[in-house]
Amino acid sequence: MILPHIFSVVIHKNIKSANIVAILVFIVFLGTFLRVYNIDSKELWYDEAVTSKIVSYQYNEIFTLSKADFHPPLYYVVLKSWVTIFGDSELSLRFPSVIFGVLTIVATYFLAKYVTSNTKKALWASLIIAINPFLIIYSKEARSYSLMALLIVLTTLVFLKAVEDKKYFHLSLLLPLLFLTHYMTIFGIVFFSIWTLFRDKKFAPYLVPLLVIIMIWIPIIRDNANTQGLQWIPELQWSRIPESVHSFVLGVTSSSTGITSPINPFPLRTGFVSNIIFIFIIVSIFLAKNFSRKETLLFLCGLIPIILIILMDIILGKHAYLERYLIGYATLLLIYFVIIQKKVIILLPYVFLSIYLVITFVPSNFGYRELAEHNADKAVVMADATAYINAKYYTDNIKLQSGDWKEWVIINSDDIYNPKDPTEDYYLVSVEKIEGWQAKYMVGRFHFYEYDGSN
Numbered sequence: 001m002i003l004p005h006i007f008s009v010v011i012h013k014n015i016k017s018a019n020i021v022a023i024l025v026f027i028v029f030l031g032t033f034l035r036v037y038n039i040d041s042k043e044l045w046y047d048e049a050v051t052s053k054i055v056s057y058q059y060n061e062i063f064t065l066s067k068a069d070f071h072p073p074l075y076y077v078v079l080k081s082w083v084t085i086f087g088d089s090e091l092s093l094r095f096p097s098v099i100f101g102v103l104t105i106v107a108t109y110f111l112a113k114y115v116t117s118n119t120k121k122a123l124w125a126s127l128i129i130a131i132n133p134f135l136i137i138y139s140k141e142a143r144s145y146s147l148m149a150l151l152i153v154l155t156t157l158v159f160l161k162a163v164e165d166k167k168y169f170h171l172s173l174l175l176p177l178l179f180l181t182h183y184m185t186i187f188g189i190v191f192f193s194i195w196t197l198f199r200d201k202k203f204a205p206y207l208v209p210l211l212v213i214i215m216i217w218i219p220i221i222r223d224n225a226n227t228q229g230l231q232w233i234p235e236l237q238w239s240r241i242p243e244s245v246h247s248f249v250l251g252v253t254s255s256s257t258g259i260t261s262p263i264n265p266f267p268l269r270t271g272f273v274s275n276i277i278f279i280f281i282i283v284s285i286f287l288a289k290n291f292s293r294k295e296t297l298l299f300l301c302g303l304i305p306i307i308l309i310i311l312m313d314i315i316l317g318k319h320a321y322l323e324r325y326l327i328g329y330a331t332l333l334l335i336y337f338v339i340i341q342k343k344v345i346i347l348l349p350y351v352f353l354s355i356y357l358v359i360t361f362v363p364s365n366f367g368y369r370e371l372a373e374h375n376a377d378k379a380v381v382m383a384d385a386t387a388y389i390n391a392k393y394y395t396d397n398i399k400l401q402s403g404d405w406k407e408w409v410i411i412n413s414d415d416i417y418n419p420k421d422p423t424e425d426y427y428l429v430s431v432e433k434i435e436g437w438q439a440k441y442m443v444g445r446f447h448f449y450e451y452d453g454s455n
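The UniProt record's numbering puts the sequence shown at residues 1 to 455.
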């Protein structure tokens with residue numbers, strides 16, 4: 001009975017102050033519930049396992065390891081401090097992302113309220129961010145994406161205020177933090193900085209903290225730009241754009257190192273659904289009229305960085321277009337889409353659909369927990385480094401097959417299986433088929449192989 005009452009209050013033009021606080025508290029509670037609901041139903045995936053490994057090191061080592069992970073160290077430093085106090089369980093590793101996601105809901109309210117001066121739209125914007133499946137998925141992961149979304153929303157709010165009142169101190173603090181969270185924030189930082197500098201040359205001295213950090217980081221950025229480590233990100237195809245919008249609206253089916261497919265709850269082809277959602281949003285934006293300057297600037301804050309990332313892919317051949325890398329900019333565009341609606345009540349079906357998708361979402365697991373509980377009668381050796389890093393979080397009773405793992409800085413000689421006796425028998429474990437080995441049984445999705453002597 002609470003939810004209908006909340007909506008009946010929100011649709012009225014005039015909302016009492018007491019109701020504003022109550023509604024916002026309810027929205028925050030709802031967003032928190034959806035973020036912690038079934039948070040432990042999904043195993044850590046590879047990137048999260050890397051996170052757990054990195055934060056197991058000392059602070060000074062984290063800076064070195066984060067370079068090879070192609071991510072700046074701020075998130076790892078924050079998480080290291082957290083796990084030092086609360087431990088490194090799955091819940092503990094993921095809970096800071098929950099906190100960042102919940103804070104993004106609150107930050108959204110203040111951003112939307114500042115842009116529109118409309119309390120009702122600000123509450124609706126915070127509600128949409130609270131129940132959005134895409135944001136919820138990454139608020140349940142031990143990665144930096146939830147923190148990135150929060151900092152981009154906060155930086156946008158501070159940026160819009162700085163453009164008006166020409167007070168730049170807080171912006172000068174947030175820009176370096178943004179840079180140290182994820183390298184894809186560089187494109188937003190470029191927009192914030194150039195726009196502000198173009199309007200007021202007095203902003204230049206406030207860029208010094210950011211420039212100092214960038215100067216220190218230039219060798220790392222150069223190495224990461226030239227590395228082969230991001231080759232798994234494919235060249236951008238134009239069909240990905242509607243799919244990305246679809247993902248931002250309804251979420252993605254799973255977490256993986258490749259491209260993630262958008263959730264499709266309809267009995268229609270996913271590509272068709274993606275195009276319908278994309279066209280609907282574009283038409284809605286064009287039909288909306290009389291954008292304020294703040295609304296337009298909010299739209300540009302979300303759109304321009306994405307365009308720059310697309311141009312980098314097309315012109316420079318540096319493929320970095322990945323939906324989760326765009327999470328902060330997508331959040332801004334979601335907020336913008338809400339506040340330009342003349343009748344925000346039309347978003348009500350989306351609210352219920354999103355809650356349904358989050359509650360009914362069933363993650364796909366490989367069986368690492370079962371692998372950890374399995375008692376094999378001989379040594380267990382993983383054939384693949386990615387699977388090994390995942391499995392290593394859950395159990396110490398495994399090793400990695402000998403191979404060329406020099407590029408994997410979180411793998412050392414102690415991880416490699418070196419039998420004392422060359423004839424020692426062991427299980428080679430893999431999801432994939434292995435030539436020359438005979439499958440004996442399965443645990444989860446993993447095949448346990450024995451050498452059949454054919455090679």
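Note that beta-carbon positions come from the ideal geometry of N, C-alpha and C, so glycine has one too.
No experiment lies behind these values; they were computed from the predicted model shown.
Reference residue i; option with closest CA among the options
i	options	result
R143	L93, A112, S261 and V212	L93
H182	P72, S126, L91 and I220	P72
Y388	Y59, T155, L400 and E43	L400
residue 457	A439, I129, D165 and Y168	Coverage of the chain is limited to positions 1 through 455, which leaves residue 457 absent and any answer about it impossible.
I111	W437, D425, S193 and I335	Residue identity check: residue 111 is Leu in the sequence provided, not Ile. The residue with the shortest Cα to Cα distance from L111 is I335.
L300	E243, Y76 and A330	A330
F100	D88, F63, P133 and Y145	Y145
T386	K378, N397 and Y368	Y368
G328	H447, V83, I136 and Y37	I136
I276	I307, E243, G302 and Y46	E243
L147	F192, P96 and K378	P96
K140	V163, P176, G251 and L428	G251
S364	S239, I306, G444 and H374	G444
Residue i at chain B interface by Cβ criterion, 7 Å
i	result
D396	No chain B is part of this structure, which consists of one protein chain only.
Residues near residue i by beta carbon distance below 7 Å, same chain, minus five either side
i	result
M1	Any reading at M1 needs caution, since the residue's pLDDT is 49, under 50, leaving its predicted position unreliable; the model's value is listed next. There are no such residues.
I281	V245 and F337
L65	I54, Y57, V409 and I410
V36	V98
Nonlocal neighbours in the same chain, by C-beta distance under 6 Å from residue i, ignoring five residues either side
i	result
H319	I233, E235 and D313
S261	T253
A439	H447 and Y449
L34	I136 and V358
Under the three-state DSSP convention, the category residue i falls into
i	result
P262	strand
I20	helix
F291	coil
S284	helix
I416	strand
M1	Its pLDDT being 49, under 50, M1 is placed unreliably in this model, and the value from its coordinates should be taken loosely. If DSSP states are grouped into helix, strand and coil, M1 belongs with coil.
I277	helix
L236	coil
K120	helix
Y325	helix
S254	coil
S430	strand
L268	coil
H246	helix
K399	strand
V358	helix
Whole-Å CB distance - residue i paired with residue j, under 8 Å assumed
i	j	result
K120	V344	7 Å
V28	V106	6 Å
F203	T196	5 Å
L150	L180	Actually they do not touch by this definition, with Cβ atoms about 14 Å apart.
residue 456	L91	Only positions 1 to 455 of the chain appear in the structure, and residue 456 is not among them; the question remains open.
Y426	K378	5 Å
L160	L297	6 Å
Sequence-distant residues of its chain with Cβ nearer than 8 Å to residue i (five each side left out)
i	result
S292	V115 and T116
D88	S52, V55 and S56
Length at least 4, wholly inside the region 38-111: the alpha helix (DSSP H) runs in chain order: 46-54, 59-68 and 74-86
Whole runs of the alpha helix (DSSP H) within the region 143-192, excluding any shorter than 4 residues: Runs of the alpha helix (DSSP H) inside the region 143-192: 145-165 and 169-179.
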